[in-house]
Amino acid sequence: MTIQTLTLTLLFVIIPLALAYGLKLNIEKDILIATIRSIIQLFIVGYVLQYVFNADHLLFTWLMVALIITAATHNARKKGHKIKGMTWKLVLTYITVETLTQGILLGFNITPMTPQYIIPISGMVIGNAMVLSILFLNRFTDEVDNQFSQIELILSLGGTPKQAIHRQLMTSIKASTIPTIENQKTIGLVQLPGMMSGQIIAGADPIQAVQFQLLIVFLLMTTAVLTSVMIGFLVYPTLFNEKMQLITKDL
Amino acid sequence: MTQPIIKLKNISYKLENTLILNNISGAIDTGTMTSFIGPSGSGKSTLFRLLNGLKTANSGHIYIQNKSIDTFDPIELRQLVGIVLQEAIMIKGTVYDNLSIPTQLKDETLSEEKAKELLTLVNLDPSILMQDARTLSGGQKQKVSIARTLVNQPTILLLDEITSSLDPVSQKAIESLVKDLHSRLGLTILWITHSIEQAKEVSESIWIMKDGQVIEKSTSHELEQTTNQDVLSFIKGENQ
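Same order as they appear, the protein sequences are chains A and B.
72 is the number that full-length UniProt numbering gives to position 72 of the first sequence; each next residue is one higher, with no gaps.
113 is the number that full-length UniProt numbering gives to position 113 of the second sequence; each next residue is one higher, with no gaps.
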């Protein structure tokens, strides 16, 4: 794509800007900020990736992965900042998910050990894990808040913390993974996945693009369920003390 | 002479710098029925949660059957000191599903026969066993709630304002049920009520609480002779 054609794509920014201005939606400033930020951020990432790919050294590759995990943790921890040790719980989850998925991909030679594969796939896996952990924490904090009495009831009848929070924990895990599962049910019917579309546009064979997309789809399924389960089982014990008392409902 | 089953020594409980219970001491005799009354926020429910182990006092000592509450296993304590909470929460499912919670928690099964016995014990028709628990009336839910706590066969039963949201007819029904359970099962019962009349009607002993303190401990008869101004103003306000 030439600079001229890239410049022409700004028409897709002018259309919403014109509509926003005409209808006095008062979102013009946000559209402009989003546009400028995406240009700067993506070009920085592009140049960094170019450097890493050219250097072709695994140290840079894993540093990029570490950077992705740091950014994802920083973003997700805002939701559960009142939960004790939330940061390391997120880091541990993302590292586990990344290790497991890359372990399978690289261990079985499904993908080559090159930055061109490791970095984008890690980005998709950790990005998905971040969204899942936010979805889980959102639902879980609501469940605990709204069903505090039910948790207290089970404790009062002689239940352990795990028994007391079982229903809320399972509901939250299920609710947070549903979007991923539902999305995968309609994949290809409603819209072509972004990565697959990108490969086809770049001239790849559609069947090969489908095969690679399937890999990603299955990978994200593992990521979704593993992230919710891990975060859930790491978070719930912090709500109780050693005397099996619910120490807070204000998450 | 009856032995105290519960002993409280200088109990205080703070929540974020607010003193909820302030230096409470006293004893409850085995097999007695004691009412706790007092305005909202006087610390009655908090005291019950301390006794059931849902909370821990910041200072002071609680003894249950002469054993410090701190030495109990939390689960053992909660089975020994059963509590029926103010809101009769029914989990999704049938009356049987609700009654069997305590046995499920122990990986045991509650027999249908035992469940029906429990319903009869709390004056409910056993035919409601497989009914959706959420369709029950407020009074029925509260009775199921009592039966559910009795599954653990507690020695001490705490009733936390269980009649406050009920109509007068249901209140009377629960009142007579509690008296009946007390005499039939020989339980030590502590119950929180807002009504002096209800307290006099059901209990041998009455504790009046205000601002986290116990301002009066007396029998129904003694209460009528009291000269404590705080107690008199509470009774006066309560009767208006």
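Just so it is clear, CB atoms sit at the ideal spot from N, CA and C, and this is done for glycine as well.
Taking C-beta atoms as the reference points, Pro-102/B and Arg-49/B fail to come closer than 8 Å. Taking a cut-off of 8 Å for Cβ pairs, the segment 133-146 of chain A and the segment 72-84 of chain A touch, as three or more such pairs fall below it. Checking the DSSP bridge columns, you'll see Ser-170/B has no partner listed. Residues Ile-151, Ile-154, Leu-155 of the same chain have their beta carbon placed closer than 6 Å to that of Ala-164/A, with the five preceding and five following residues left out of the count. Look at the segment 142-156 of chain A: the residues with a C-beta under 8 Å from a C-beta of chain B are Ser-149, Gln-150, Glu-152, Leu-153, Ile-154, Leu-155, Ser-156. Against Gly-159/A, the close residues of chain B are Leu-105, in the order they occur along the chain (beta-carbon pairs closer than 7 Å). Closer than 7 Å at the C-beta level to chain A, one finds these residues of the segment 62-94 of chain B: Pro-74, Ile-75, Arg-78, Gln-79, Ile-83, Leu-85, Glu-87, Ile-89, Ile-91.
For Leu-119/B, same chain residues with a beta-carbon under 6 Å away, outside a window of 5 residues either side, are Pro-126 in chain order. A residue is called buried once 16 or more other Cβ atoms fall within 10 Å of its Cβ, and His-221/B, having fewer, is exposed. Using a Cβ-Cβ cut-off of 9 Å, Gly-53/B is close to Leu-155, Ser-156, Lys-243, Met-244, Gln-245 of chain A, given in chain order. The Cβ atoms of Val-65/A and Glu-98/A sit closer than 8 Å to each other. Taking a Cβ-Cβ threshold of 8 Å, the residues of chain A close to Asn-152/B are Leu-157, Gly-158, in chain order.
Residue pairing of Lys-236/B in beta bridges, as defined by DSSP: absent, with no partner found. At a cut-off of 8 Å between C-beta atoms, Gln-163/A counts as an interface residue with respect to chain B. The three-state reading of DSSP puts Gly-26/B in strand, counting E and B together. Boundaries around Leu-158/B are those of the beta strand (DSSP E), 156-160, since no alpha helix (DSSP H) includes it. Assigned with DSSP and collapsed to three states, Ser-40/B falls in coil, not helix or strand.
Under DSSP, Ser-35/B forms a beta bridge with Trp-191/B, Ile-206/B. Burial state of Gly-43/B is buried, judged by a 10 Å Cβ sphere holding 16 or more other Cβ atoms. Counting only runs of 4+ residues, the alpha helix (DSSP H) found wholly inside the segment 34-95 of chain B occupies 44-52, 74-80, in chain order. From the beta-carbon of Ile-6/B, no residue of chain A is found nearer than 8 Å; the closest lies around 17 Å away.
Secondary structure note for Tyr-47/A: its alpha helix (DSSP H) is the uninterrupted segment 28-55.
DSSP places Asp-125/B outside both helix and strand once states are collapsed to three, so it counts as coil. Nearest C-alpha to Gly-127/A among Phe-12/A, Leu-220/A, Lys-29/A, Ile-181/A: Leu-220/A. Positions of the beta strand (DSSP E) runs, each at least 3 residues long and wholly inside the segment 174-205 of chain A, cannot be given because no such run exists. Three or more beta-carbon pairs drawn from the segment 125-141 of chain B and the segment 84-96 of chain B are found closer than 8 Å, and the two stretches are therefore classed as touching. Within 9 Å of the CB of Ile-101/B, the CB atoms of chain A belong to Leu-153, Ile-154, Leu-157, Gly-159, in sequence order along the chain. Contacts between Thr-149/B and chain A, judged by CB atoms closer than 9 Å, involve Ser-156, Leu-157 in chain order. Residues of chain A whose Cβ lies closer than 8 Å to the Cβ of Thr-56/B are, in chain order, Lys-243, Gln-245. Residue state for Leu-136/B is assigned as coil, using DSSP reduced to three classes. Look at Ile-68/A here: in three-state DSSP terms it is helix. Between Gly-60/B and Lys-9/B, the C-beta gap is smaller than 8 Å, which places the two residues in contact. For Leu-158/B against Asn-52/B, the beta-carbon gap comes to about 6 Å, under 8 Å, which counts as contact.
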